[in-house]
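Read the sequence shown against my numbering and you will find it ends at 74, with the numbers running on by one and no gaps. Ideal placement from N, C-alpha and C gives every residue a C-beta, glycine not left out. All figures in this text were calculated on a predicted structure; none of them were measured in a lab. Right, one structure below, let's go through it.
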Amino acid sequence: MLVKTFAAAVHGVDARKITVEVNTGGFVAAGKQFYHLVGLPDNAVKEGFQRIEAAIQNIGFRMMRVKTVVNLAP
Numbered sequence: 001m002l003v004k005t006f007a008a009a010v011h012g013v014d015a016r017k018i019t020v021e022v023n024t025g026g027f028v029a030a031g032k033q034f035y036h037l038v039g040l041p042d043n044a045v046k047e048g049f050q051r052i053e054a055a056i057q058n059i060g061f062r063m064m065r066v067k068t069v070v071n072l073a074p
């Protein structure tokens with residue numbers, strides 16, 4: 001499944017429009033990383049998945065152990 005939407009990222013004092021694409025599919029064995037966050041190469045990317053996971057849990061959903069690729073492109 002591929003989902004595409006738009007968001008904004010802060011760059012200094014400016015906000016930049018970014019494209020968010022999420023693709024899921026295929027189960028992942030226990031103990032293996034099941035998500036990949038790509039794009040926007042800085043420290044925000046490293047912390048991004050924890051924020052995404054927290055947001056999903058806060059709206060009442062649960063992260064499934066399927067391969068998930070999140071692409072953040074300017």
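C-beta atoms of residue i and residue j nearer than 8 Å
i, j, result
"G39", "L72", "yes"
Helix, strand or coil at residue i according to DSSP, with G and I counted as helix
i, result
"G39", "strand"
"F34", "coil"
"F49", "helix"
Endpoints, the beta strand (DSSP E) within which residue i is located
i, result
"I18", "14-27"
"F61", "Careful: F61 lies outside any beta strand (DSSP E) and carries neither H nor E."
Minimum C-alpha distance to residue i - residue among the options
i, options, result
"E65", "E47, N58, Y35", "Sequence inspection shows Arg at residue 65; the Glu mentioned does not correspond to that position. Closest option to R65, Cα to Cα, is Y35."
"T68", "A7, P74, E21, A30", "E21"
"V70", "I59, Q50, K32, Q57", "Q50"
"V10", "V3, E47, I18", "I18"
Proximity test, residue i beta-carbon vs the ligand FAD heavy atom, cut-off 7 Å
i, result
"A8", "The ligand FAD is not part of the structure shown, which contains no ligands of any sort."
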